[in-house]
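Start counting the sequence shown at 1; every next residue gets the next number (UniProt numbering). Note that CB positions come from ideal geometry on N, CA and C, so glycine has one too. Just below is one structure, and these are the notes that go with it.
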Amino acid sequence: MSTGKGDIELAGVAKSYDGSTYAVDGINLKIPDGAYCCLLGPSGCGKSTILRMIAGHEDPTVGEILIGGEDVVGLDPVERRTAMMFQSYALFPHLSVRDNIAFALRVRGMAKGARDDKVDAMIEKVQLGEFANRLPAQLSGGQQQRVALARAAITEPRVLLLDEPLSALDEHLRIKMRAELSRMQRDLGITFIHVTHTQMEAIALADMVVVMDKGQIRQAAPAPEVYARPRDRYVAEFIGGQNVLSGTIGQVNGVRATLAGARFSAINIPIVQSRRLESGQMLDIAVRRDDIDLLRPGGAGVPEGSTAIEGSVIGVEYQGNFVKVMLEAGGEDEFVAYVPERRFFEDALSIGDRVLAVWQIDHAHLLA
Ligand code: ADP
1 MSTGKGDIEL
11 AGVAKSYDGS
21 TYAVDGINLK
31 IPDGAYCCLL
41 GPSGCGKSTI
51 LRMIAGHEDP
61 TVGEILIGGE
71 DVVGLDPVER
81 RTAMMFQSYA
91 LFPHLSVRDN
101 IAFALRVRGM
111 AKGARDDKVD
121 AMIEKVQLGE
131 FANRLPAQLS
141 GGQQQRVALA
151 RAAITEPRVL
161 LLDEPLSALD
171 EHLRIKMRAE
181 LSRMQRDLGI
191 TFIHVTHTQM
201 EAIALADMVV
211 VMDKGQIRQA
221 APAPEVYARP
231 RDRYVAEFIG
241 GQNVLSGTIG
251 QVNGVRATLA
261 GARFSAINIP
271 IVQSRRLESG
281 QMLDIAVRRD
291 DIDLLRPGGA
301 GVPEGSTAIE
311 GSVIGVEYQG
321 NFVKVMLEAG
331 GEDEFVAYVP
341 ERRFFEDALS
351 IGDRVLAVWQ
361 IDHAHLLA
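What follows is the structure in structure tokens.
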């Protein structure tokens, strides 16, 4: 039964366009009503395929799609009460802001009086009053985005789907429009599903980030969780901000284990309840770049409760509020520390310096 709500469930969904390869496979996902959900992943991983299947522009090869508890497979977008906002906004260039927004209601045959009332209310909601009679070409990129949103929202969809809505904008406008999308979503109070390949965009906007890779979901969780507790190496590396170390578990005692890698000697790692660690097992761990402190070897040593690897500085980049220090240490990839600016300049490091990269044992995160 439909509840009229915009909660979405995909169960066992797969889609093949050609009958042999799968664009997405094994998709199980629940998105709560009123959530801002971002589908995030590299080009070709299947984000738009999922979006189009929820919208009603494609149907799955197998699996169920429920909106508000109702199976919507086979229904068109109007019956599903979904609306899509495209990257280019696709506004009608010869129609005013007002007529662009009214368009879907006219097509549906709504009487002029009722239509005008709804359009006026929407124009006010998106703060376009003074621009109502302008043509799209006479608006800024941000105002055009608001018209596109208003035009999609006027049909009172349960779910608004946005396909790379910010990718055509320059960096400055993108950040401004990002805040505006977030505000609009709160005002409208409906479920937004937003496709992006930009990590920071997803993290800044989403209540729920769905990280995808090659047609599958790797992790679906609130933004702070995918950032701070990525499920596996792929998510950690794709989201960024982490150092990933691979090694073999040595000793395991009650609260700590040791891990040794090809390019670092044994470090201490935490034992967490949810994971059984055994000596000899391979393991990946992630350590946040902003959890690393850099010390000179031969100083006070590694503090109690911390662990360290040693390396050489191979790069220093000033970033304003922090300094990015790149080390040759730990693994194949460079090991990176984000050192607060003031802390860095207390004893500035130079390329070639030997350092200990130190972190609290409990701050390391075990990857699947
Ligand atoms: P993304 O949005 O993450 O870039 P897509 O969902 O567009 O990914 O594409 C996923 C895979 O499905 C890709 O391999 C792509 O080439 C393929 N694909 C997408 N749309 C079609 C289509 N209409 N016909 C055939 N293959 C398609």
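Selection from the options that minimises the alpha carbon distance to residue i
i: ILE271; options: ARG256, ALA260 and MET282; result: ARG256
i: ASP7; options: GLU317, PHE238, GLN360 and ARG80; result: ARG80
i: GLU317; options: ALA14, GLY44 and ILE351; result: ILE351
i: ALA223; options: ILE203, GLY74, LEU259 and TYR234; result: ILE203
i: GLU304; options: ALA262, THR258, VAL358 and PHE345; result: VAL358
i: GLY250; options: GLN281, TYR227 and ALA221; result: GLN281
i: ALA266; options: LEU181, SER246, ARG183 and SER182; result: SER246
i: MET184; options: THR198, ARG275, ALA148 and HIS197; result: ALA148
i: PRO93; options: ILE101, GLY74, ASN321 and ALA137; result: ALA137
i: PHE322; options: GLU332, ALA348 and ASP353; result: ALA348
C-alpha distance - residue i paired with residue j, whole-angstrom precision
i: ALA364; j: LEU160; result: 38 Å
i: residue 408; j: VAL209; result: This structure cannot settle anything about residue 408, because the visible part of the chain is limited to 1 through 368.
i: CYS38; j: ALA206; result: 6 Å
i: ARG342; j: ILE239; result: 26 Å
i: SER43; j: LYS5; result: 31 Å
i: ALA132; j: ARG186; result: 23 Å
i: LEU283; j: GLN273; result: 16 Å
i: LEU105; j: LEU75; result: 20 Å
Residue i vs residue j beta-carbon contact at 9 Å
i: ILE154; j: LYS176; result: no
i: GLY241; j: ARG289; result: yes
i: VAL24; j: GLY215; result: yes
i: THR61; j: LYS112; result: no
i: LEU29; j: ILE292; result: no
i: LEU95; j: GLN144; result: no
i: VAL302; j: GLU278; result: no
i: VAL195; j: ARG134; result: no
Beta-carbon contacts of residue i that lie in its chain and below 8 Å, excluding the five residues immediately before and after
i: MET1; result: Residue placement at MET1 is poorly supported in this model, since its pLDDT is 46, which falls under 50; the coordinates are not used for a value here.
i: GLU334; result: ILE314, GLY315, MET326, LEU327 and GLU328
i: ALA260; result: GLY247, THR248, GLY250, ALA266 and ILE267
i: ALA220; result: LEU29, MET208, VAL209, VAL210 and VAL211
7 Å Cβ shell around residue i - same chain, five flanking residues per side excluded
i: GLN87; result: ASP163, GLU164, PRO165, SER167 and ALA168
i: GLN319; result: none
i: ARG174; result: LEU166
i: ALA236; result: PRO230, GLN242, VAL244, ALA286 and LEU367
Contacts around residue i, its chain only, beta-carbon distance under 6 Å, and the 5 residues preceding and following it disregarded
i: residue 369; result: Since the displayed the chain opens at 1 and closes at 368, residue 369 lies outside it and no answer follows.
i: ALA55; result: PRO77, THR82, MET84 and LEU161
i: LEU10; result: ILE27, LEU29 and ILE65
i: ASP362; result: PRO270
i: SER182; result: LEU205
CB contact check: residue i to chain B, cutoff 9 Å
i: ILE239; result: Protein chain content of the structure displayed is limited to a single chain, and chain B is not contained in it.
**Report entry** Touch test, the stretch 121-135 against the stretch 31-39, Cβ-Cβ under 8 Å, three pairs minimum
**Finding:** Two segments are said to touch when three or more pairs of C-beta atoms, one from each, lie closer than 8 Å; by this definition the stretch 121-135 does not touch the stretch 31-39.
**Report entry** the stretch 283-301 touching the stretch 203-221, judged by at least three CB pairs closer than 8 Å
**Finding:** Too few Cβ pairs lie closer than 8 Å, so no.
**Report entry** Any 3 or more C-beta pairs closer than 8 Å across the stretch 188-198 and the stretch 17-24
**Finding:** These segments do not touch.
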